[in-house]
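First residue of the sequence shown? That's 12 in our numbering, and the numbers climb one at a time after it. Glycine included, each C-beta is placed from N, C-alpha and C at the ideal position. These numbers were taken from a predicted model, which means no experiment stands behind them.
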Amino acid sequence: MSILEVKNLTHTYDGNTPFFSDAVRDVSFSVQQGEIIGIIGHTGSGKSTLVQHLNGLLKPTHGEILLDGKDIWENPKQIRMIRSKVGLVFQYPEYQLFEDTVYKDIAFGPKNMGFDDKKIEIVINEICEIVGLKKEYLEKSPFDLSGGEKRRVAIAGVMAMQPKIIVFDEPVAGLDPKGRADVIKMIADYRNKYDATVIIISHNMEDMALIADKLIVMNKGEMVLFDKTENVFKQHEFLKSIGLNVPMVTQIMLVLKQMGMDIPDDIFTVDKAVEFLLRLAKGGNTNA
């Protein structure tokens with residue numbers, strides 16, 4: 012059984028007025044435990060509206076969100092419990108820090124969930140290792156940290172609640188290449204340690220190629236593709252037609268292919284490109 016299922020989800024803003032609009036329209040998909048799902052689409056395609064339904068921040072106009080087979084809105088009084096199982100990390104989460112120490116900020120969610128002090132301490136130590144926060148930072152004010160360190164603290168605060176599903180809305184926005192790589196690694200490490208399910212909105216196709224098992228492609232409120240990452244990126248002409256692109260390394264490979272080179276259509280990361288070009292330079296079998 013899927014851990015999460017979205018069934019015929021529609022969300023209408025300004026319903027019953029002349030200004031109504033469907034931000035999301037008849038979207039259906041399912042997610043298995045442990046998968047990392049990327050969501051891509053141009054601005055205004057419905058990505059953020061879609062993910063805000065997954066933990067009950069928004070209620071569907073039509074359709075259902077099923078968690079472990081149960082409609083999350085079956086009992087509206089329990090929606091807070093749903094939010095402890097489906098964590099949501101907003102874009103620029105560092106702006107939501109508020110406690111006077113890093114430890115207290117990370118502990119805030121687990122404490123409200125009823126974790127005892129010993130369990131909170133154990134969880135915080137585990138999560139700090141995942142996000143790369145040194146223990147000496149725990150007694151500092153989060154406002155004395157750098158921007159990248161603040162983001163680690165904010166992400167740690169959601170991870171510390173140990174949600175079964177964690178949703179990230181543009182987690183690498185505004186970060187330099189090293190910062191992006193660090194965040195992508197911590198997301199992968201969290202998934203691997205807790206067998207958690209991860210859903211990521213991103214405009215960065217390189218990051219999606221590195222981490223996502225599958226991709227959802229949104230366009231004008233509709234889900235137009237949902238498939239394995241390699242299968243989605245193979246449809247580069249279609250993606251281009253809706254204002255998206257494939258990873259930069261794939262664009263380079265496509266140019267080489269247009270120049271007459273025998274280039275496979277499944278190269279989406281730098282590592283794969285280097286491996287292929289080294290085989291080519293050595294005169295080896297490029298199809299191996």
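Query, Result
"What residues are listed by DSSP as bridge partners for K115?", "Partner(s): none; K115 has no beta bridge."
"Distance, Cα to Cα, K122 vs A171?", "10 Å"
"Pull up the distance between the alpha-carbon of K310 and that of A118, whole angstroms please.", "This structure does not reach residue 310, given that the chain is present from 12 up to 299, and the question cannot be answered."
"Here's a check: name, in chain order, each residue in its chain whose Cβ is nearer than 8 Å to the Cβ of I14, leaving out the five neighbours to either side.", "V42, Q43, Q44, L78, D79, K175, I176, T208"
"Whole angstroms is fine: what's the gap from E75's alpha carbon to D224's?", "24 Å"
"Report all residues from its chain with a CB closer than 7 Å to the CB of I135; omit the five preceding and five following residues, and keep chain order.", "Y114, I117, A118, A171"
"Among K151, H22, H247, which has the Cα closest to the Cα of S56?", "H22"
"Which residue or residues does DSSP assign as beta-bridge partners of E233?", "N230"
"Taking its Cβ as the centre, do 16 or more other Cβ atoms sit within 10 Å of F154, making it buried, or is it exposed?", "exposed"
"Smallest Cα separation from I303: which of M234, K251, D277?", "Beyond the ends of the chain as shown, which are 12 and 299, falls residue 303; an answer cannot be given."
"In whole angstroms, what is the alpha-carbon distance linking D33 and L68?", "17 Å"
"Determine the extent of the alpha helix (DSSP H) in which N242 is found, giving its start and end residues.", "240-244"
"If A165 and L108 are in contact, beta carbons under 8 Å, what's the gap, nearest whole angstrom?", "6 Å"
"Does DSSP put G271 in a helix, in a strand, or in coil?", "coil"
"Anyone know if the C-beta pair for M229 and V257 falls short of 8 Å?", "no"
"Examine the Cβ distances between the segment 240-256 and the segment 189-208 and report whether three or more of them are shorter than 8 Å.", "no"
"Please state the DSSP three-state secondary structure of S252.", "helix"
"Buried or exposed: which applies to V285, given that a residue is buried once 16 or more other Cβ atoms fall within 10 Å of its Cβ?", "exposed"
"Would you mind working out which of Q102, M264, K293 sits nearest T280, comparing C-alpha positions?", "M264"
"In terms of alpha-carbon separation, which member of I141, D111, K96 lies closest to M124?", "K96"
"Name the DSSP bridge partner or partners of V42?", "L15"
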